[in-house]
Amino acid sequence: MAQPSTITPVPPLKDELDIVIPTIRNLDFLEMWRPFFQPYHLIIVQDGDPSKTIKVPQGFDYELYNRNDINRILGPQVLLHLFQGLCLSMLRLHGLQEEVICDHLGLGVKTGLPYIWHSKASNPFVNLKKEYKGIYWQEELIPFCQSVTLPKDCTTVQQCYIEISKQVKAKLSKVDDYFNTLAGGMVTWIEAWDELNASDAKSAESSNGASK
Numbered sequence: 005m006a007q008p009s010t011i012t013p014v015p016p017l018k019d020e021l022d023i024v025i026p027t028i029r030n031l032d033f034l035e036m037w038r039p040f041f042q043p044y045h046l047i048i049v050q051d052g053d054p055s056k057t058i059k060v061p062q063g064f065d066y067e068l069y070n071r072n073d074i075n076r077i078l079g080p081q082v083l084l085h086l087f088q089g090l091c092l093s094m095l096r097l098h099g100l101q102e103e104v105i106c107d108h109l110g111l112g113v114k115t116g117l118p119y120i121w122h123s124k125a126s127n128p129f130v131n132l133k134k135e136y137k138g139i140y141w142q143e144e145l146i147p148f149c150q151s152v153t154l155p156k157d158c159t160t161v162q163q164c165y166i167e168i169s170k171q172v173k174a175k176l177s178k179v180d181d182y183f184n185t186l187a188g189g190m191v192t193w194i195e196a197w198d199e200l201n202a203s204d205a206k207s208a209e210s211s212n213g214a215s216k
């Protein structure tokens with residue numbers, strides 16, 4: 005009688021997928037997600053006071069970066085988007101932009117019921133005071149994202165993102181000068197991404213050339 009296999013299946017995209025977790029507090033919640041997250045490499049981005057120690061449960065493979073690390077790595081290219089309470093509307097804008105890019109490039113987007121586990125109480129009145137601009141801005145942001153079109157010669161995520169940054173500056177700067185800063189920041193992040201991943205890009209080009 006054949007014995008059952010003891011080979012542990014390799015998680016999907018094991019060597020291709022990193023999970024990015026922005027946080028200002030300890031990551032106790034990872035215990036709940038351990039079966040799903042532990043096989044993957046985590047990139048933890050610590051916001052707020054960089055002198056505070058963020059505690060991560062044992063057994064996870066991770067890198068942790070705080071504001072000091074980002075300043076050190078990016079140097080003069082660093083641009084931290086200080087949302088000043090505008091986080092909600094900005095996250096929606098970036099999410100909508102990503103959907104526009106994925107649709108343009110024919111990439112699949114996760115679908116299904118949204119899932120949010122919010123276990124930290126917050127004061128709605130304090131939040132409203134900080135985010136009131138974002139509430140008004142949504143009247144402009146949502147129609148903007150619905151009307152964005154990308155030219156056919158934009159064939160990479162970077163090209164699409166740069167094109168959207170131009171449209172953000174042209175169409176949203178009248179809403180608030182913040183969007184001029186945002187458009188410049190979008191370009192800066194793509195430049196930094198390309199610079200930090202230049203060796204990977206060259207390797208991919210070499211592999212493609214060898215396979216032809």
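Sequential numbering from 5 applies to the sequence shown in our numbering. Even glycine gets a Cβ: it sits at the ideal position worked out from N, Cα and C.
If I measure Cβ to Cβ from residue i and keep anything under 8 Å in the same chain, skipping five residues before and after, which residues do I get?
i	result
Q162	I194, W197, D198
M190	Y165, I166, I168, S169, V172
H108	L154, C158, C164
K18	P43, Y44
D53	none
Specify the secondary structure class of residue i as computed by DSSP and reduced to three states.
i	result
V14	coil
I58	coil
Y140	helix
E199	helix
P43	coil
L154	coil
D19	coil
I25	strand
V49	strand
D107	helix
L68	strand
N75	helix
N30	coil
T185	helix
V161	helix
G99	helix
Please report the distance separating the alpha-carbon of residue i from that of residue j.
i	j	result
P13	Y44	14 Å
R71	G138	24 Å
L31	F183	32 Å
K156	I105	12 Å
L130	I11	In the sequence as presented, Leu is not what sits at residue 130; that position holds Val. Distance between the alpha carbons of V130 and I11 is about 52 Å.
S177	T185	9 Å
P61	L111	34 Å
Q142	A187	17 Å
D181	E135	16 Å
D51	L132	21 Å
I77	F40	30 Å
Please name the residue, chosen from the options, that lies closest to residue i on a Cα-to-Cα basis.
i	options	result
S55	Q62, F41, R29, P39	R29
C158	A202, L132, E167, D181	E167
F148	K175, L132, T160, H108	K175
T153	S169, L200, M190	S169
G63	R38, L145, K18, N127	R38
E67	N75, L46, G52	L46
K59	Y136, F33, L111	F33
L200	I74, K18, D19, F40	I74
E102	Q150, G52, P16, D53	Q150
V179	Y140, P128, A202	Y140
Tell me which same chain residues have a C-beta within less than 6 Å of the C-beta of residue i, skipping the five on either side of it?
i	result
V49	P26, Y69
V24	I47
C91	Low local confidence applies: a pLDDT of 46 at C91 is under 50, so the model's placement there is unreliable, and no value is given.
P15	P43
Of all Cβ atoms in chain C, is any one closer than 7 Å to the Cβ of residue i?
i	result
P26	Although the question refers to chain C, the structure presented lacks it and comprises just one protein chain.
Which same chain residues, not among the five before or five after residue i, have their C-beta less than 7 Å away from its C-beta?
i	result
D65	H45, L46
L21	Y44
E35	P61
N127	none
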